[in-house]
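Quick note on this note's numbering: the sequence shown kicks off at 76 and runs consecutively.
Idealized CB from N, CA, C, for every residue including glycine.
Computed from a predicted model, the values in this text were never measured in an experiment.
Here's the structure, in structure tokens; my notes come after.
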Amino acid sequence: MPPRPAYWVEYYLESRKDDRPLFMTVGFYGPHCPYIAPRELYEYYYNILPVLEFDKNEYEQMHPAMKNWFKERNLENRYDPEETRRVRAAYYALVEIIDRHVG
């Protein structure tokens, strides 16, 4: 099922009588937590995404705001490559759903 903004845009464009050029910005509320994606898309991305290793040096070189974000969430030393792969797979699947409806 397309997100509601996609329905609205389709309705608007089909009922529009004006033939002048149109620029339209449409916002979608997603993807967002919790990242719950259809199994088929999730598994597709899970199977093609590489596991990302996180080097401690990368953390040390992060922008101070990003380091603070990690610190506030007690994530400084808690990187789990498998968990990151699962989250990325679900996120990418949700992005694809929106892409399919936008065209």
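Query, Result
"Rounded C-alpha distance that separates Glu171 from Glu151", "30 Å"
"Span separating the alpha-carbon of Tyr121 from that of Thr100", "31 Å"
"Residue range of the alpha helix (DSSP H) that includes Ile172", "Pro156 to Val177"
"For Arg163 and Trp83, the rounded distance between their alpha carbons", "29 Å"
"Span of the alpha helix (DSSP H) around Phe145", "Pro139 to Glu147"
"Coarse secondary structure for Tyr110, derived from DSSP in three states", "coil"
"Segment limits, alpha helix (DSSP H) that includes Asn152", "Taken as a continuous stretch (DSSP letters only), Asn152 belongs to no alpha helix (DSSP H), as it is neither H nor E."
"Other residues of its chain near Met76: CB distance less than 8 Å, five sequence neighbours each side excluded", "With a pLDDT of 43 at Met76, under the threshold of 50, the modelled position of this residue cannot be trusted; read the value that follows with caution. No residues qualify anywhere along the chain."
"Cα-Cα separation between Arg148 and Tyr134, rounded to whole angstroms", "14 Å"
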